[in-house]
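Which chain is which? The protein sequence lines are A and B, in order.
All residue numbers for the first sequence refer to my numbering, where the first residue is -16 and numbers rise by one.
All residue numbers for the second sequence refer to my numbering, where the first residue is 12 and numbers rise by one.
Backbone N, C-alpha and C fix where the C-beta goes; we use that ideal spot for every residue, glycine too.
Remember, predicted model here, so these are calculated numbers, not experimental data.
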Amino acid sequence: MSDLRTTVGPLTFKNPILTASGCCGYGLELKEFFPLDRLGALVVKGLSLKPRDGNPPPRICETPAGMLNSIGLQNIGIEAFVNEVLPILEADGIPVVANLFGEEEEAYVALARRCEAARGICAVELNLSCPNVKKGGIHFGTVPEAIKALTAKVRQVYTHSLWVKLSPNVSTVVPLAVAAQQAGADALTCINTLKGMAIDPLTWKAKLHTTYGGLSGPAIKPVALRFVHETARAVDIPIVGCGGAATALDIVEFLLAGARAVQVGTLLFQNPALPVELEEGLRAYLDERGIPSLDAIIGKVKTHA
Amino acid sequence: MMPQMKKILKGNLLRRTGLGGGYHLLEFTAPGLAGEAGPGQFVMVRAGSTHHPLLSRPFSILWAEGDTLHLLVKAVGEGTRLLTTMGEGEATLVLGPLGAEFPLADGAVLVAGGYGMAPLYFYARRHRCPASLHLFYGARTAQHLLLLDRWRALLPEAHLHFVTEDGSLGEKGLVTAPLERFLKANPAAAGPVLACGPTPMMKASAAIARAADRPCYVSMDEPMACGFGICLGCVVPATAGGYVCSCTKGPVFDAAAIRWEAL
Ligand SMILES: Cc1cc2nc3c(=O)[nH]c(=O)nc-3n(C[C@H](O)[C@H](O)[C@H](O)COP(=O)(O)OP(=O)(O)OC[C@H]3O[C@@H](n4cnc5c(N)ncnc54)[C@H](O)[C@@H]3O)c2cc1C
Ligand SMILES: Cc1cc2nc3c(=O)[nH]c(=O)nc-3n(C[C@H](O)[C@H](O)[C@H](O)COP(=O)(O)O)c2cc1C
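What follows is the structure, given as structure tokens:
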């Protein structure tokens, strides 16, 4: 039987199927559908220093093969997560990745410090798709210098695995990926949502309260694959793929593009037990072809010439 | 042992009956799920098998008995079009039972609009004394008032208050007018008002119930992506501050818990 284990830097996961942040809550709801330890790891909803209410509705709308969201990073805050949720997840024996965001560098640093001190978090993932209020609202994730400075500051206080999640809303990704690597990131997650918009042609109204939102789902998979492939060739640190994965063959595609693990987001809304199906489907794919382990397939895409 | 509280299953369409006015009655086999369901709860049903539509659709449970789940579905867009043209014997993903239930109380006053009738019918069927209930049921025309025979089998005729916008059946106008008259005429009664229908109708019902000093519960109709609390998409503004998910804290809410003016 094929070995589904994968490594992301120093971490070993029992399989490459992870949840995407914001698409699995804190795991407590998913637990009612399948045992969490069937996942490689759980990447929880983005956490901030203080709880956040999020945006007014409407917050979501469906689009062709995808959806737009502007949840506004509603979350219970780092303290409630560490004190109330982590102990439950620890009992489930599931590696937990804490997704973090803030509006200034100091917030990320304080969050990472809290995660360093907490038990049961194997990695932090920095969500950089956030405006930096101190720098005129420029998104942390769009300027190499900003990524570098932020990642380096977090690196100073956080000794475990540090993942940086890249935004696709940029013109070139390679300098951003290189900046994160130089500042000490252990892995890169590609990608967050693409900025988009939907309009009701009958009422002339924007469908989201915030007008713009983040596009996710199968519609963005080709973009995600391109980001994974491009960054995997530009840096030496591992890449975690994310964007539109829906089937075991999608997981195979992300692995071929160079991802060492794949996060599943939007499709969990349709089928919360999907990770189990993906794991079984991936195992069958590898078994049928006599592929012994994931290293025989990761990054092995054949390009033309 | 897998601790299973909510079910995901391949529901098989047993029977599909067109009711006119774009409404269809769908009966699914849903072993395990149907037996656990209560009035006010809903299921997420996958429409079709491609990425369009991508997300499942929420439907209140009209009635559940043994292994069979009954839904009342109005065709409004692509998802409901696919569901209401499904072939008998076809299977699709059904998730549930989800959400909160209406509190069972004697003398409850049911206010239904359109497909919002569904959970209230389940309520009446489950009630130990349906004859104590009153129904105010409104629709555009007589054609859109559904399952009247079934209602007549449950509630005394004098407790059935039908309203149509064009006057083709019952009183002409909006359902809230006879509701208000009824509550004013029965000031000593204390049964809660339970409303499900378009948001303006529920908002008006909540205001009328408050004026009459009656408790009021509403079943919110917010578009949902997941239906079980992980996307945080289907929120309503809460009186207590912030937002609450209508899939996990609702869809049935105490009307006083909702900040109506922010909706
Ligand atoms: C808790 C709950 C219970 C429900 N119970 C029932 C039920 O018992 N029977 C039934 O027929 N429907 C019910 N609905 C509504 C049903 O889910 C929607 O009609 C359905 O999702 C529309 O899908 P579609 O793909 O056909 O249309 P879409 O293409 O998604 O939408 C078509 C049109 O309908 C509008 N729309 C979509 N969803 C909603 C909604 N939730 N409320 C109001 N307008 C909407 C859209 O804005 C659009 O104009 C319920 C909804 C909720 C939240
Ligand atoms: C409703 C919703 C909420 C999300 N919240 C977060 C978040 O809090 N932090 C984050 O880094 N990404 C968040 N994302 C982005 C996802 O983690 C993921 O990057 C994106 O959805 C693409 O993957 P998918 O197509 O598999 O969903 C969210 C996505 C959705 C749909």
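Three-state secondary structure assigned by DSSP to residue i
| i | result |
| --- | --- |
| cysteine 7/A | coil |
| phenylalanine 53/B | strand |
| lysine 188/A | coil |
| alanine 236/B | coil |
| serine 199/A | strand |
| glycine -8/A | coil |
| leucine 66/B | coil |
| glycine 125/B | helix |
| glycine 23/A | coil |
| glutamate 108/A | strand |
| leucine 243/B | coil |
| leucine 145/A | strand |
| valine 156/A | coil |
| histidine 212/A | helix |
| cysteine 256/B | strand |
| proline 248/B | strand |
| leucine 274/B | coil |
| histidine 155/B | helix |
| threonine 2/A | strand |
| isoleucine 281/A | coil |
| leucine 239/A | helix |
| lysine 14/A | helix |
| glutamine 15/B | Reliability fails at glutamine 15/B, whose pLDDT of 46 lies under 50, so the model's placement of it is uncertain and the value that follows must be treated cautiously. Correct three-state label for glutamine 15/B: coil. |
| glycine 124/A | helix |
Cross-strand partners of residue i (DSSP beta bridge)
| i | result |
| --- | --- |
| aspartate 265/B | Tyr228/B |
| aspartate -14/A | Ser276/A |
| glutamine 164/A | The partner list for glutamine 164/A (beta bridge, DSSP) is empty, contrary to what the question assumes. |
| alanine 231/A | Note: alanine 231/A sits in no beta bridge, so no partner. |
| cysteine 225/A | Gln246/A |
| alanine 81/A | Val107/A |
| threonine 172/A | Lys148/A, Val223/A |
| glycine 149/B | Gly124/B, Val174/B |
| leucine 177/A | Leu198/A |
| leucine 265/A | Bridge partners of leucine 265/A: none, in fact. |
| glycine 22/B | Thr103/B |
Stretch-stretch touch, CB-based, cutoff 8 angstroms, three pairs: the stretch 142 to 151 of chain A with the stretch 183 to 191 of chain A = No contact exists between the stretch 142 to 151 of chain A and the stretch 183 to 191 of chain A.
query = Quick one: any contact between the stretch 4 to 20 of chain A and the stretch 244 to 251 of chain A, if contact means 3 or more CB pairs under 8 angstroms?
reply = Enough Cβ pairs lie closer than 8 angstroms, so yes.
key: Secondary structure, beta strand (DSSP E): runs of 3+ residues fully inside the stretch 29 to 77 of chain A   = List check, beta strand (DSSP E) in window: 43 to 46, 49 to 52.
inquiry  = My parser needs the alpha helix (DSSP H) runs of 4 or more residues fully inside the stretch 160 to 219 of chain B; what are they?
reply    = Considered as a whole, the stretch 160 to 219 of chain B harbours 187 to 196 as its complete alpha helix (DSSP H) runs of no fewer than 4 residues, in chain order.
inquiry  = My parser needs the beta strand (DSSP E) runs of 3 or more residues fully inside the stretch 69 to 122 of chain B; what are they?
reply    = The stretch 69 to 122 of chain B contains these whole beta strand (DSSP E) runs: 74 to 76, 79 to 85, 102 to 109.
query = Can you list, in chain order, the residues of the stretch 240 to 262 of chain B whose Cβ is nearer than 8 angstroms to any Cβ on chain A?
reply = So the close ones are Gly240, Ile241, Cys242, Leu243, Gly244, Cys245, Val246, Val247, Pro248, Gly252, Gly253, Tyr254, Thr259.
key: Interface positions of the stretch 47 to 64 of chain B facing chain A (Cβ-Cβ less than 8 angstroms), listed along the chain   = Flagged, chain order: Arg57, His62, His63, Pro64.
request  = Any chance you could list the alpha helix (DSSP H) runs of at least 4 consecutive residues sitting entirely within the stretch 24 to 54 of chain B, in chain order?
outcome  = Assignment of alpha helix (DSSP H) within the stretch 24 to 54 of chain B, counting only whole runs of 4 or more residues, yields 44 to 47 in chain order.
Interface positions of the stretch 20 to 32 of chain A facing chain E (Cβ-Cβ less than 9 angstroms), listed along the chain = Among the protein chains in the structure shown, which are A and B, there is no chain E.
ask   = Should the stretch 84 to 96 of chain A be called in touch with the stretch 34 to 53 of chain A, which here means at least 3 C-beta pairs below 8 angstroms?
value = By the Cβ test, the stretch 84 to 96 of chain A is not in contact with the stretch 34 to 53 of chain A, since fewer than three Cβ pairs between them sit closer than 8 angstroms.
ask   = Quick check: the stretch 92 to 104 of chain B against the stretch 129 to 149 of chain B, are there 3 or more CB pairs under 8 angstroms?
value = Segments in contact, no.
inquiry  = Taking beta-carbon pairs under 9 angstroms, can you tell me which members of the stretch 214 to 239 of chain B lie near chain A?
reply    = Residues Glu233, Pro234, Met235, Ala236, Cys237, Gly238, Phe239.
message = Measuring CB atoms only, is the stretch 262 to 282 of chain A touching the stretch 117 to 125 of chain B, in the sense that at least three cross pairs come out at less than 8 angstroms?
response = The stretch 262 to 282 of chain A is not in contact with the stretch 117 to 125 of chain B.
request  = Could you run through the stretch 71 to 90 of chain B and flag, in chain order, every residue whose CB is less than 7 angstroms away from some CB of chain A?
outcome  = For the stretch 71 to 90 of chain B, the set of residues with a beta-carbon nearer than 7 angstroms to any beta-carbon of chain A is empty.
ask   = Are the stretch 157 to 176 of chain A and the stretch 215 to 232 of chain A touching by the rule of at least three beta carbon pairs closer than 8 angstroms?
value = Taking a cut-off of 8 angstroms for Cβ pairs, the stretch 157 to 176 of chain A and the stretch 215 to 232 of chain A touch, as three or more such pairs fall below it.
query = Given a limit of 7 angstroms on CB to CB distance, which residues of the stretch -1 to 10 of chain A reach chain B?
reply = Listed in sequence order: Cys6, Cys7, Gly8.
task = Identify each residue in the stretch 100 to 129 of chain B for which the Cβ-Cβ distance to at least one residue of chain A is less than 7 angstroms, and report them in chain order.
result = Identification of residues in the stretch 100 to 129 of chain B having a C-beta nearer than 7 angstroms to some C-beta of chain A yields Leu104, given in sequence order.
inquiry  = Check whether the stretch 207 to 214 of chain B and the stretch 226 to 241 of chain B are in contact - that is, three or more C-beta pairs closer than 8 angstroms.
reply    = The stretch 207 to 214 of chain B vs the stretch 226 to 241 of chain B: in contact.
task = Return the residues of the stretch 166 to 198 of chain B that lie within a Cβ-Cβ distance of less than 9 angstroms from chain A, sorted by chain order.
result = Going along the stretch 166 to 198 of chain B in chain order, one finds no residue with a Cβ nearer than 9 angstroms to chain A.
key: Contact set between the stretch 200 to 225 of chain A and chain B, restricted to residues whose Cβ is under 7 angstroms from the partner   = If the cut-off is 7 angstroms between Cβ atoms, the stretch 200 to 225 of chain A has Gly200, Pro201 near chain B.
Residues of the stretch 17 to 30 of chain B whose Cβ lies closer than 9 angstroms to any Cβ of chain A, in chain order = Within the stretch 17 to 30 of chain B, the residues whose Cβ lies closer than 9 angstroms to some Cβ of chain A are Lys17, Lys18, Ile19, listed in chain order.
query = Looking at chain B, which residues of the stretch 39 to 59 of chain A have a Cβ within less than 8 angstroms of any of its Cβ atoms?
reply = For the stretch 39 to 59 of chain A, which is checked against every Cβ of chain B, the residues closer than 8 angstroms are Pro39, Pro40, Pro41, Arg42, Ile43, Cys44, Glu45, Pro47, Ala48, Gly49, Met50, Asn52, Ile54, Gln57.
request  = Check whether the stretch 59 to 74 of chain A touches the stretch 120 to 138 of chain A, taking contact to mean three or more Cβ pairs, one atom from each stretch, closer than 8 angstroms.
outcome  = Cβ pair count under 8 angstroms is below three, so no.
request  = Determine which residues of the stretch 253 to 271 of chain A have a Cβ less than 8 angstroms from any Cβ of chain B, and write them out in chain order.
outcome  = So the list reads Gln253, Asn254, Pro255, Ala256, given in the order they occur along the chain.
request  = Evaluate the contact criterion for the stretch 222 to 232 of chain A versus the stretch 201 to 211 of chain A: three or more CB pairs, one atom per stretch, below 8 angstroms.
outcome  = Output reads yes: the stretch 201 to 211 of chain A touches the stretch 222 to 232 of chain A.
message = Contact between the stretch 28 to 46 of chain B and the stretch 69 to 84 of chain B is defined here as three or more beta-carbon pairs at a separation below 8 angstroms; is this criterion met?
response = Yes, since at least three Cβ pairs between the stretch 28 to 46 of chain B and the stretch 69 to 84 of chain B fall closer than 8 angstroms, the two stretches touch.
task = Mind the definition here: the stretch 229 to 244 of chain A touches the stretch 213 to 227 of chain B only if three or more C-beta pairs lie below 8 angstroms; say whether that holds.
result = The stretch 229 to 244 of chain A vs the stretch 213 to 227 of chain B: no contact.
key: Sufficient close CB pairs (3 or more, under 8 angstroms) joining the stretch 18 to 38 of chain A to the stretch 49 to 67 of chain A   = Touching, yes.
inquiry  = With three or more beta-carbon pairs closer than 8 angstroms as the criterion, would you say the stretch 124 to 138 of chain B touches the stretch 45 to 59 of chain B?
reply    = Cβ pair count under 8 angstroms is three or more, so yes.
ask   = Should the stretch 250 to 260 of chain B be called in touch with the stretch 19 to 31 of chain B, which here means at least 3 C-beta pairs below 8 angstroms?
value = The stretch 250 to 260 of chain B, when compared against the stretch 19 to 31 of chain B, does not touch it at the 8 angstroms Cβ threshold.
request  = May I ask you to list, following chain order, the residues of the stretch 171 to 182 of chain A that have a beta carbon less than 7 angstroms from some beta carbon of chain B?
outcome  = For the stretch 171 to 182 of chain A, the beta-carbon criterion of a distance under 7 angstroms to any beta-carbon of chain B is satisfied by none of its residues.
task = Please list the residues of the stretch 182 to 194 of chain A that have a C-beta atom closer than 7 angstroms to any C-beta atom in chain B, keeping them in chain order.
result = Here the close residues number zero.
task = Spell out a yes or no on whether the stretch 258 to 267 of chain A and the stretch 187 to 200 of chain A are touching, meaning 3 or more CB-CB pairs, one atom from each, closer than 8 angstroms.
result = Taking 8 angstroms as the limit for Cβ pairs, the verdict is that the stretch 187 to 200 of chain A does not touch the stretch 258 to 267 of chain A.
query = For the stretch 234 to 253 of chain A, which residues have a beta carbon sitting closer than 9 angstroms to at least one beta carbon of chain B?
reply = Answer set for the stretch 234 to 253 of chain A: Thr249, Leu250, Leu251, Phe252, Gln253.
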